[in-house]
Amino acid sequence: MTLDAVLAHIDAELPKATDRLLDLLRIPSISTDPAYKPDCDRAADWLVDQLNGLGFDASKRPTTGHPMVVAHNEGSGPHVLFYGHYDVQPVDPLELWDTPPFEPALEDTDKGVVIRGRGSSDDKGQLMTFVEACRAWKAVTGSLPIKVSIFFEGEEESGSPSLVPFMQQNAEELTADIALICDTGLFESAVPAITTQLRGMVTEDFTIKGASRDLHSGMYGGLAGNPIHVLSDIIAKLHDETGHITLEGFYDDVPELSDEMRSQWQNLSFDHASYLGDVGLSVPAGEQDRTPLEMIWSRPTCEVNGIWGGYIGDGFKTVLPAQASAKISFRLVGQQDPDKIHDAFVKHVKDNLPSDFTVEFTPSRGAPASQMSTDNPAFEKSRQALSDEWPRPAAYVGCGGSIPIAGHFKEVLGMDAMLIGFGKDDDAIHSPNEKYDMESFHKGTRSWARILDALSK
Ligand SMILES: [Zn+2]
């Protein structure tokens, strides 16, 4: 059987595939720091060379920031667009790295062999699983089982400023039947996952102002209003005693979980005690009528991220401050509209603002949530292919974070996306000593080889 031969080829060639990944990891493609612009360019060139070597028609495409890499391989059957990013996060604080971040190496740990280095998991190791799967298919059969395009960006870790304009300018070229995004993780080390819903976000930054200057609490205390009290009151009223968010209309566009998702999530037997225990907590603090997985995947949130005002230095100053500020973010789900949530928040603040006080908002930022339609047969075929590779069946999961690329594929190109990745929670992405498990790299490559086969059927 062809697939077996492809998988055997991946097994036999793993050392060479690893060497290629190490080559890519040696390029310090830190996108946010202009000093590394030539290295970002070099990483793009390296990928173009690799893909052209595999028979793709690949090119480096300029943008006003770092270049995109776009590659096409003709074929029959469905057309997929694979997405990854070749840029990486900065490495500070450097002194916390046990090995130099851009001198990647294999390391034996008590959990198996890992590939250590910046970008090993996020996202170079992940994107190379797909490239190596294509390489194996080409080596064994001379072609790919379906039509494949590849799209790598180099600005994911610095806000993707060129992404949407590039997609708009090249919409026809980039549109396929479905997008494959490899920048997420396994659910647990043995349970592969397809992420089908991602939360959106609204951020708010605001300042409450009272008296025209800081006051002495001996002279004004008790008489003058205190903006920190006002701010605290406004924040306290954002939630009721059952954990629900009180903004007007906040839950209007929040869908209930489908029965199918609910039962899948129950089967995951998520251990919230150990999830919270890992960070020294024990009690789920969100909406009391929801399960812990719902709280982090499918329910919207409101969290205070920062709060300041008055005197916070050493010693004591009995000041009655003139102003107090906070940063608050909302995670959105379903069809919640960032603008509507922002307006409801502004109304909440103004409704609770006493006389004599004013409020200033800095412009808020927002992105809607994404929800994939699993009706596309590619989802079920891929889930089966992943289940064939890993010890336990693959699950459809949610993601508490926001991955804007999935929304852009939908909004700009009208494409659903399957988010399939092989990272692990302890990969330390964005942190010192980032690693990618060799098992993730190996089985991730095998998984893509299986998915390409499954999608051709
Ligand atoms: Zn990433």
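Going left to right, the sequence shown walks through residues 774 to 1230 as this note's numbering numbers them.
Yeah, the Cβ is synthetic: ideal placement off N, Cα and C, and Gly gets one too.
In this structure, D1210 sits near G885, with a CB-CB distance shorter than 8 angstroms. A distance criterion of 7 angstroms places the beta-carbon of D1198 beyond contact range of ligand 1, judged by its closest non-hydrogen atom.
By the CB criterion at 8 angstroms, V1077 and I1114 fall outside the cutoff. In the structure shown, the three-state DSSP call for F979 is strand.
Of the candidates G1217, P1205, H1215, S1146, the residue whose Cα lies closest to the Cα of A952 is S1146. The DSSP assignment places 1111 to 1124 as complete runs of the alpha helix (DSSP H) inside the segment 1080 to 1125, in order along the chain (cut-off: 4 residues).
Within the segment 978 to 1066, the runs of alpha helix (DSSP H) that reach at least 4 residues and sit entirely inside it are, in chain order, 990 to 993, 1000 to 1009, 1032 to 1040, 1045 to 1050. Per DSSP, reduced to three states, the secondary structure at M1145 is coil, with no helix or strand assignment.
Among the bridge pairs identified by DSSP, S1155 is matched with none. Membership of E905 in the alpha helix (DSSP H) is indicated by the continuous run 897 to 914.
Beta-carbon to beta-carbon, A816 and E905 are separated by about 17 angstroms, too far to satisfy the 8 angstroms threshold. Secondary structure at C1172: strand, using DSSP grouped into helix, strand and coil. In this structure, the alpha-carbon of I954 lies about 17 angstroms from that of E946.
In the three-state scheme derived from DSSP, where H, G and I count as helix and E and B as strand, C813 is classed as helix. In this structure, E930 sits near S804, with a CB-CB distance shorter than 8 angstroms. For I954, the enclosing beta strand (DSSP E) stretches over residues 951 to 954. Counting along the chain, the unbroken alpha helix (DSSP H) around Q941 starts and ends at 936 to 942.
Counting only runs that start and end inside the segment 800 to 861, the beta strand (DSSP E) elements of at least 3 residues fall at 830 to 834, 841 to 846, 852 to 858. Rounded to whole angstroms, the Cβ separation of V821 and V842 is 6 angstroms, and the two are in contact under 8 angstroms. DSSP places R889 within a strand segment (E or B) once states are collapsed to three. Setting aside the 5 residues that flank it on each side, F1130 is surrounded in the same chain by I981, K982, G983, G998, P1000, V1003, each with a C-beta closer than 8 angstroms to its C-beta; the list follows chain order. If you compare the alpha carbons of E847, G1171, P1205 with that of W870, the shortest gap goes to P1205.
Under the DSSP assignment, V779 falls outside any beta strand (DSSP E), being part of the alpha helix (DSSP H) whose first and last residues are 775 to 798. The three-state reading of DSSP puts L869 in helix, counting H, G and I together. Remark: C-beta atoms of D830 and H845 approach each other more closely than 8 angstroms. Around the beta carbon of A1117, 16 or more other beta carbons sit within 10 angstroms, so the residue counts as buried. For S1229, there is no enclosing alpha helix (DSSP H), since its DSSP letter is neither H nor E. Taking C-beta separations shorter than 8 angstroms and ignoring five residues to either side along the sequence, the partners of D1006 in its chain run N1125, following chain order. Each residue's CA atom was taken as its position, placing L1225 and L900 some 15 angstroms apart. Two segments are said to touch when three or more pairs of C-beta atoms, one from each, lie closer than 8 angstroms; by this definition the segment 912 to 924 does not touch the segment 1153 to 1161. With respect to R799, P877 sits close: the two C-beta atoms are nearer than 8 angstroms.
Annotation: the continuous alpha helix (DSSP H) that includes I1178 extends over 1177 to 1186. In chain order, the residues that have a beta carbon nearer than 6 angstroms to some heavy atom of ligand 1 are H858, D895, D896, E929, D956.
With fewer than three CB-CB distances shorter than 8 angstroms, the segment 933 to 945 does not count as touching the segment 1080 to 1097. K920 is bridged by DSSP to H852.
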